[in-house]
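Single-structure report; data block below.
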Amino acid sequence: MAASTSTQTSNRTQVGIVGAGPAGLFLAHLLRRQGIDCVVLESRSRAEIEDTIRAGVLEQWVVDLMNQMGLGDRMMREGHFHSGITLRFNGESHHIDMAGLTGGKRVTVYAQHEVIRDLVAALLEDGGEILFGVSDVQLHGVESDRPSIAFRRSPDGPLEALRCDWIAGCDGFHGPSRQAIPKAVRNEFQVVYPFGWLGILTEAPPSHPELIYANHERGFALLSTRSPEVQRLYIQCDPKDDIANWSDDRIWSELHARLEDRDGWTLTEGRIFQKGIIAMRSFVCEPMRHGRLFLAGDAAHIVPPTGAKGLNLAVADVLVLSRALDAFYKSGRTDGLEAYSAVCLRRIWKAERFSWYMTTMLHRNPAETPFEQRVHLADLDYVVSSRAAMTALAENYVGLPMD
Ligand code: FAD
Ligand code: DHB
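Numbering (my numbering), first residue to last: 1 to 403.
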């Protein structure tokens with residue numbers, strides 16, 4: 001443990017959490033409610049994590065969980081509740097009645113950074129500890145019963161050690177936690193897609209009461225929302241493209257071409273005030289536990305965003321972990337901790353399947369044959385004409401049951 005020689009300050013907690021994304025913050029709230037101590041270490045500043053634009057869709061059970069935890073007031077006031085989505089292809093629109101097909105379940109459109117703001121504010125108000133802007137984070141002793149996290153509070157500050165019983169690696173795809181699992185026992189499964197999403201935020205009124213997922217010969221497009229004044233839209237693009245190649249005029253002309261239908265529906269334009277390109281991959285790391293380290297959220301798995309599952313899966317992982325830690329601290333039971341990886345992976349692989357299915361069905365993949373492209377259109381046609389197929393899509397989209 002090379003880092004320990006230069007360690008200057010010592011801290012101790014029960015669960016050390018690396019990363020203040022949805023996984024880390026939900027876990028901190030869940031543990032504190034169970035009387036378990038934890039400290040969250042985050043490499044970015046509070047302003048940065050509160051301003052990063054990412055996901056938008058919450059599954060029904062996540063909304064219910066936030067309300068049960070007393071964290072849902074602003075979401076219930078400002079979120080948008082959608083009981084259906086529209087699938088658009090061959091110039092035609094098809095409504096999928098999610099609520100009607102799933103016994104009343106809806107999805108809530110409430111931006112991830114708003115969830116982050118609510119969780120950070122409530123955690124700090126409640127006396128929770130989040131160290132923002134830490135650097136040089138390294139995990140030590142995960143195979144021993146005395147793991148620790150080395151870090152600096154500021155780039156030129158001393159190296160400190162946070163000693164813990166358990167470490168939760170909630171530090172996203174690029175964080176150090178997954179790398180702390182030796183390569184020899186780590187199995188990684190991955191698909192990298194030859195397309196990405198260009199996402200924009202625009203000052204415009206809503207153009208449609210529900211989300212529109214469009215498969216068009218020019219590529220996929222998605223219409224989502226943020227508020228009565230701000231809309232969120234995405235266009236399939238080359239993941240290596242430079243955002244400088246996308247003038248506002250080009251973005252609107254692609255969005256009009258891909259989203260408009262034969263019934264004369266039109267898209268309302270506005271000032272674009274944020275734009276960026278993201279690459280897309282499917283990824284799973286097995287197992288999600290090594291010794292006293294548990295991976296959760298994007299640190300362990302990535303889904304392409306088409307199924308709107310990433311944030312929800314991160315919350316599912318930490319709910320399973322918090323229950324297992326609760327059983328451990330209340331009664332010394334370790335069966336939940338032993339089962340953590342297997343329990344999470346069952347849900348994760350179903351979400352991976354669904355996200356891959358939605359992605360391949362809705363995008364135009366330049367590497368696919370015309371045969372494969374026609375199969376995807378046939379799949380869409382089947383989904384909108386079969387109640388069984390539509391129910392399968394709806395059940396997955398609103399979120400599979402947690403228990
Ligand atoms: P992250 O949100 O990545 O959080 C990890 C945190 O760890 C970060 O704050 C990071 O700064 C911190 N960190 C990293 N390295 C270190 C370190 N060395 N030390 C300390 N801290 C560190 N999901 C949905 O459910 N619905 C959607 O509609 C949806 N749409 C999306 C749209 C887009 C454009 C994108 C990009 C993603 C979308 N997702 C969606 C996915 C979702 O945003 C992620 O799955 C979610 O953020 C995962 O949460 P997490 O806490 O696991 O990881
Ligand atoms: C949004 C993101 C998604 O990935 C999705 O499938 C639907 C909506 C959004 O950011 O609003």
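Positions of the beta carbon are idealized from the N, C-alpha and C atoms, including for glycine. Computed from a predicted structure; not experimentally measured.
Proximity test, residue i beta-carbon vs ligand 2 heavy atom, cut-off 8 Å
i    : result
P209 : no
R258 : no
Same chain, Cβ closer than 6 Å to residue i, five either side skipped, listed in chain order
i    : result
L311 : P22, A55 and Q112
I302 : F173, R281 and F283
Y213 : L87, L222 and L362
K309 : V303, A351 and S355
R347 : A316
R46  : F132
I181 : H290
T202 : Q231, G270 and I272
S224 : G56, L211 and R232
H94  : L87 and V384
I116 : I49 and E50
W252 : E269
Residue i CB to nearest heavy atom of ligand 1 below 8 Å
i    : result
Q60  : no
W197 : yes
Q274 : no
H174 : yes
G219 : no
Y340 : no
C38  : no
R54  : yes
F151 : yes
D64  : no
L313 : yes
C285 : no
C164 : no
L41  : yes
I348 : no
A99  : no
Q34  : no
D171 : yes
D298 : yes
I200 : no
I302 : yes
N112 : Going by the sequence as given, residue 112 is Gln instead of Asn. Answer for Q112: yes, Cβ within range of ligand 1.
V137 : yes
Cβ-based neighbour list, residue i, same chain, cut-off 8 Å, excluding 5 preceding and 5 following
i    : result
L313 : G297, H301, V303, R347, I348 and A351
D78  : At residue 78 the sequence reads Glu, which differs from the Asp that was named. Hits under 8 Å: Y110, E114 and S227.
V404 : Only positions 1 to 403 of the chain appear in this structure, which leaves residue 404 out of reach.
L27  : V15, I17, C38, A168, C170, A296, V318, L321 and S322
E395 : L101 and T102
M98  : H82, S83, G84, I85, K105, R106, V107, A394, Y397 and V398
R12  : L162, R163 and C164
A388 : none
Close Cβ partners of residue i (< 7 Å) along its chain, the five nearest in sequence each way excluded
i    : result
L393 : I96 and V383
M1   : A caution first: M1 carries a pLDDT of 30, below 50, which makes its placement in the model unreliable, though a value can still be read off. Excluding sequence neighbours, M1 sits near H140 and G141.
W61  : G399 and M402
S148 : H140, G141, A161, L162, R163 and C164
E210 : H82, G84, I85 and T86
E92  : D261 and R262
V57  : V107, V109 and A308
T52  : H113
L31  : V15, C38, S322 and L325
H256 : L267
Ligand 4 heavy atom lying under 8 Å from the CB of residue i
i    : result
A316 : No copy of ligand 4 appears in this structure; the ligands present are ligand 1 and ligand 2.
Segment contact, 8 Å Cβ cut-off, at least three pairs: the region 131 to 148 with the region 175 to 182: yes
Could you tell me which whole beta strand (DSSP E) segments of length 3 or greater appear in the region 256 to 314? 271 to 286 and 293 to 295
Could you tell me which uninterrupted alpha helix (DSSP H) segments, each at least 4 residues in length, are contained entirely in the region 133 to 188, listed from first to last along the chain? none
Where are the alpha helix (DSSP H) runs, 4 residues long or more, that stay fully inside the region 76 to 144, in chain order? 98 to 101 and 112 to 125
Please determine if the region 317 to 333 and the region 256 to 268 are in contact, where contact requires at least 3 C-beta pairs separated by less than 8 Å. no
Any chance you could list the beta strand (DSSP E) runs of at least 3 consecutive residues sitting entirely within the region 188 to 231, in chain order? 212 to 215 and 221 to 225
Give me the pocket residues for ligand 2, defined as CB within less than 5 Å of any heavy atom, sorted by chain position. G56, V57, S224, R232, P305 and A308
I'd like to know if the region 237 to 246 and the region 196 to 206 are in contact, where contact means that at least 3 CB-CB pairs between them fall below 8 Å. yes
Any chance you could list the alpha helix (DSSP H) runs of at least 4 consecutive residues sitting entirely within the region 343 to 371, in chain order? none
Indicate whether the contact test is met: 3 or more Cβ pairs, each with one atom in the region 240 to 258 and one in the region 64 to 79, closer than 8 Å. no
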